[in-house]
Amino acid sequence: MPDKTFQFPSNVDGFMLTGYNWSPAVVPNAVVVISHGAAEHSLRYDRFARVLNAAEYEVWSLDHRGHGASAGPDGLGDFGEGGWDALVADIAQFVDMAKKA
0 MPDKTFQFPS
10 NVDGFMLTGY
20 NWSPAVVPNA
30 VVVISHGAAE
40 HSLRYDRFAR
50 VLNAAEYEVW
60 SLDHRGHGAS
70 AGPDGLGDFG
80 EGGWDALVAD
90 IAQFVDMAKK
100 A
């Protein structure tokens with residue numbers, strides 16, 4: 000399981016998103032951001048994140064809107080009114096968060 004699970008509002012429309020962080024035991028060489036595929040969620044990448052941690056990489060992953068713990072009121076698979084453009088903007092916001100951490 001991730002070391003940190005957190006929620007934050009999308010800058011697009013306030014939609015609540017869930018992010019995850021896996022941290023190595025040492026100062027990381029770099030940060031990897033995982034963007035999962037369609038019909039998936041971030042926790043499917045837990046083993047991969049731990050392998051990256053063992054290689055001294057920090058890992059961040061976002062459950063996209065309508066996926067995993069970021070499911071909206073209409074359930075899984077629904078991106079909401081913002082649609083694809085909002086999802087892409089959410090990823091850019093998340094990458095910026097990872098860069099600043």
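Residue numbers (numbering that gives the first Met the number 0): 0 to 100.
The beta carbon of each residue, even a glycine, is placed where N, CA and C say it ideally should be.
By the C-beta criterion, the stretch 51-58 is judged not to be in contact with the stretch 85-96, since fewer than 3 inter-stretch pairs fall below 8 Å. Within the same chain, Cβ atoms closer than 6 Å to the Cβ of Gln-6 are found at Met-15, Thr-17, the five residues on either side in sequence being excluded. Non-local beta-carbon contacts of Val-94 in its own chain, meaning distances under 6 Å to residues more than five positions away in sequence, involve Val-32 in chain order. A straight-line Cα-Cα distance of about 14 Å links Tyr-19 and Arg-64. Taking Asp-12 as the centre and dropping the five residues before and after it, the same chain places the C-beta of Gly-79, Glu-80, Gly-81, Ala-85 closer than 8 Å to its C-beta, in chain order.
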